[in-house]
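Colleague: Our numbering numbers the first residue of the sequence shown as 5 and each following residue consecutively.
Handing you this structure, nothing more for now.
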Amino acid sequence: MTAVFPDIWPALPEIFLACAGMALLMIGVFRGDGFTRPIGYMTMVALLLGAILTMGYGTGRVVTFNGLFVMDAFGVFMKVLILVAAALSVMLSLSFNEREKMARFEFPVLMLFATLGMLMMVSANDLISLYVGLETQSLALYVIAAFRRDSAKSSEAGLKYFVLGALSSGMLLYGASLVYGFAGTTAFDKIAALFAGGAHPSAGVIIGLVFVAAGLAFKISAVPFHMWTPDVYEGAPTPVTAFFAAAPKVAAIALFTRLLIEPFGHLVHSWQQIIIVSSILSMALGSFAAITQTNIKRLMAYSSIGHVGYALVGLASGTQEGVRGVLIYMAVYIVMNIGTFAVILCMKQKGRMLEEIKDLAGLSRTNPLLAGAMAVFMFSMAGIPPMAGFFSKLYVFLAAIQAQLYTLAVIGVLTSVVGAYYYLRIVKIMYFDEPVEAFDKIGDDGMTGILVATGLFTLLFFVVPAPILNYAAAAAASLFAG
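Below, the structure is given as structure tokens:
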């Protein structure tokens with residue numbers, strides 16, 4: 005049998021990032037930690053070049069590497085979101101790492117390798133490549149969660165994430181082995197063909213799918229696999245938390261969506277109830293548990309659990325409109341999240357980072373622009389029109405209604421009302437409480453640019469929503485084209 009060299013062009017962004025990561029690692033080894041900032045800038049350039057290479061891909065669907073890797077419009081959309089989020093997270097980390105004396109060249113390189121794993125997850129077309137991408141991402145994330153070695157909280161965060169991550173990987177692998185044992189293949193295309201032909205799924209396949217879904221639910225911190233999120237978000241360095249809340253979440257949602265729609269799309273009635281229950285529990289826990297939080301990073305952790313619940317509303321519908329809603333939701337969610345964490349990184353007095361919600365008291369009087377940006381993000385996360393967050397929720401709820409999941413949509417709206425309380429409480433504290441000591445002047449390093457860009461996107465999304473809506477529609481259509 006003649007070996008055929010695979011078509012590498014669809015995987016060009018991944019190959020480029022892998023080479024860039026190894027080159028930056030070598031540069032860091034020879035130049036030392038004093039060269040950390042230039043390596044950070046080069047990492048950002050590499051990630052943005054990766055995004056440009058990804059956007060240069062056409063709209064067709066190409067499967068390569070013996071069916072392990074797929075590239076389509078869905079992959080392009082999600083990969084660009086991940087790469088942009090990763091580049092912004094690296095930018096947020098530069099000054100923080102220097103100020104906290106944890107500026108080591110490995111930090112941006114680890115973020116680059118984690119992003120490489122995320123891109124592989126998005127393009128996984130087989131249970132084996134799914135796992136390889138997932139572990140490539142996870143191994144780098146375990147390290148950066150515990151990167152501040154002199155902090156007990158950071159070490160605890162890394163250890164918790166590692167132990168629970170290992171458990172979820174075991175569940176995912178066990179589920180994948182059951183699917184392989186009962187379906188006879190790990191390839192997404194072959195599994196899809198098997199059930200498209202009318203084959204009745206055995207109990208083993210269904211149980212395997214449940215275990216795989218449980219493993220992925222951990223990665224997106226959906227209830228009941230959310231327990232690691234508040235502690236890891238609070239304990240990890242703030243730029244790491246910002247990264248965790250954005251890029252890996254999008255990658256895991258993308259992988260979850262591809263897994264359920266492509267190979268198991270014909271079994272929608274078998275997995276739909278699981279997604280509905282997880283979505284309801286995530287929305288409810290995210291809304292009610294956040295009310296009592298006093299630490300802003302823990303509040304953002306519960307907020308992210310709630311937002312995953314809303315994204316799962318779209319996925320639960322199992323339709324093209326539902327997937328489009330998920331894509332729009334994740335695009336808006338990334339922008340709101342990065343913007344909010346940029347504000348949190350500006351919360352410092354005399355060089356000391358602050359994390360308590362009460363520290364925002366009277367911010368509108370001491371720093372009106374920062375308070376205005378935070379208010380925009382909070383209104384958007386609460387889903388108040390005309391902010392971008394309102395439209396993202398609108399599209400997932402519309403998809404649920406079209407799929408006749410009326411109860412799910414109503415519960416989603418009700419939990420949004422509850423969630424609005426703790427978002428608006430932050431606005432009330434900033435605008436109506438007596439000011440405490442003013443924050444330090446905002447440093448540069450692109451922080452002001454990130455605040456302005458994310459704030460304007462969130463505020464003015466309704467003016468020109470067409471590009472995001474159209475790209476999301478094309479990406480969703482590509483999943484259902486087969």
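A virtual CB, placed ideally from N, CA and C, is assigned to each residue, including glycine.
I'd like to confirm the pairing. Which residues does DSSP put opposite residue 357 in its beta bridges?
Modeller: Residue 357 is bridged to 352.
Colleague: With the cut-off set at 7 Å, would you say residue 148 and residue 114 are in Cβ contact?
Modeller: Yes, Cβ-Cβ distance for residue 148 and residue 114 is below 7 Å.
Colleague: What did DSSP end up calling residue 22 once you bin it into helix, strand or coil?
Modeller: Residue state, collapsed to three classes: helix.
Colleague: So what does DSSP say about residue 73, is it helix, strand or coil?
Modeller: Note: residue 73 maps to strand in three-state DSSP.
Colleague: From this set, 253, 13, 351 and 131, which residue's C-alpha is nearest residue 65's C-alpha?
Modeller: Nearest C-alpha to residue 65: 13.
Colleague: On the CB-based measure, 16 or more other CB atoms within 10 Å of its CB, does residue 464 come out buried or exposed?
Modeller: Classification of residue 464: exposed, given that the 10 Å Cβ count is below 16.
Colleague: Quick one: Cα of residue 417 to Cα of residue 311, how far?
Modeller: Cα to Cα, the separation comes out at about 12 Å.
Colleague: Can you tell which of 70, 111, 78 and 107 has its C-alpha closest to the C-alpha of residue 90?
Modeller: Per the Cα distances, 111.
Colleague: Of the choices 387, 70 and 441, whose alpha-carbon is the least far from that of residue 194?
Modeller: Closest option to residue 194, Cα to Cα, is 70.
Colleague: Whole angstroms are fine: how far does the CA of residue 258 sit from the CA of residue 34?
Modeller: Cα to Cα, the separation comes out at about 37 Å.
Colleague: Identify every residue that forms a DSSP beta bridge with residue 68.
Modeller: Looking at the DSSP assignment, residue 68 forms a beta bridge with 73.
Colleague: Got a sec: is the Cβ-Cβ distance from residue 17 to anything in chain B below 7 Å?
Modeller: Protein chains in the displayed structure number just one, and chain B is not present.
Colleague: Once DSSP output is grouped into helix, strand and coil, what is the label at residue 203?
Modeller: It is coil, neither helix nor strand.
Colleague: For a quick check, are the C-beta atoms of residue 239 and residue 160 less than 7 Å apart?
Modeller: Cβ atoms of residue 239 and residue 160: closer than 7 Å.
Colleague: When the Cα of residue 167 is compared with those of 388, 286 and 232, which residue comes out closest?
Modeller: Closest option to residue 167, Cα to Cα, is 232.
Colleague: If you reduce the DSSP assignment to three classes, tell me which class residue 299 lands in.
Modeller: Three-state DSSP puts residue 299 in a strand.
Colleague: DSSP three-state call for residue 191: helix, strand or coil?
Modeller: It is a strand residue.
Colleague: Whole beta strand (DSSP E) runs in the region 70–145 with 3 or more residues, listed along the chain?
Modeller: 73–75, all fully within the region 70–145.
Colleague: Is the beta carbon of residue 295 less than 7 Å from the beta carbon of residue 412?
Modeller: The answer is no: Cβ separation not under 7 Å.
Colleague: Measuring alpha carbon to alpha carbon, tell me which of 276, 102 and 163 ends up nearest residue 213.
Modeller: Ranking 276, 102 and 163 by Cα distance to residue 213 puts 276 first.
Colleague: Does DSSP put residue 408 in a helix, in a strand, or in coil?
Modeller: DSSP places residue 408 in coil when its eight states are reduced to three.
Colleague: With DSSP run on the structure shown, which of helix, strand or coil describes residue 230?
Modeller: Residue 230 falls in the coil class under three-state DSSP.
Colleague: Keeping to the same chain, check which residues put their C-beta closer than 7 Å to that of residue 18; ignore five residues upstream and five downstream.
Modeller: Within the same chain, residue 18 has close Cβ partners 120, 123 and 124.
Colleague: I'd like the list of long-range same chain contacts for residue 380, defined as Cβ closer than 6 Å, with 5 residues on each side in sequence excluded.
Modeller: Only 459, 462 and 463 meet the Cβ criterion.
Colleague: Helix, strand or coil, according to DSSP, for residue 391 in the structure here?
Modeller: Three-state result, residue 391: coil.
Colleague: Which value, in whole angstroms, describes the spacing of the CA atoms of residue 432 and residue 375?
Modeller: One C-alpha to the other measures close to 11 Å.
Colleague: How many angstroms separate the CA atom of residue 318 from the CA atom of residue 289?
Modeller: Residue 318 and residue 289: Cα-Cα distance of roughly 18 Å.
Colleague: Quick one: Cα of residue 435 to Cα of residue 362, how far?
Modeller: Each residue's Cα considered, the two are about 12 Å apart.
Colleague: Where does the unbroken alpha helix (DSSP H) through residue 450 begin, and where does it stop?
Modeller: Where residue 450 is concerned, there is no enclosing alpha helix (DSSP H), given that its DSSP letter is neither H nor E.
Colleague: Using a threshold of 7 Å, state whether the C-beta atoms of residue 341 and residue 250 are closer than that.
Modeller: Yes, the pair counts as a contact, with Cβ atoms nearer than the cut-off.
Colleague: Using the C-alpha atoms, what's the distance from residue 299 back to residue 350?
Modeller: Residue 350 and residue 299: Cα-Cα distance of roughly 15 Å.
Colleague: According to the neighbour-count rule (16 or more other Cβ atoms, all chains shown, within 10 Å of its Cβ), is residue 487 buried or exposed?
Modeller: Because the chain here runs from 5 to 486, residue 487 falls outside it and cannot be looked at.
Colleague: Select from 182, 68 and 23 the residue whose C-alpha is nearest the C-alpha of residue 46.
Modeller: The option with the nearest alpha carbon to residue 46 is 23.
Colleague: Considering only C-alpha positions, which residue in the set 285, 220 and 398 is nearest to residue 325?
Modeller: Checked all of 285, 220 and 398; the closest Cα to residue 325 is 398.
Colleague: Closest to residue 391 by CA distance: which of 209, 227 and 468 is it?
Modeller: For residue 391, the nearest C-alpha among the options comes from 468.
Colleague: Hey, residue 449 and residue 99 are a contact pair by Cβ (cut 8 Å); roughly how many whole angstroms apart?
Modeller: Yes, they are in contact, since the Cβ atoms of residue 449 and residue 99 sit about 5 Å apart, within 8 Å.
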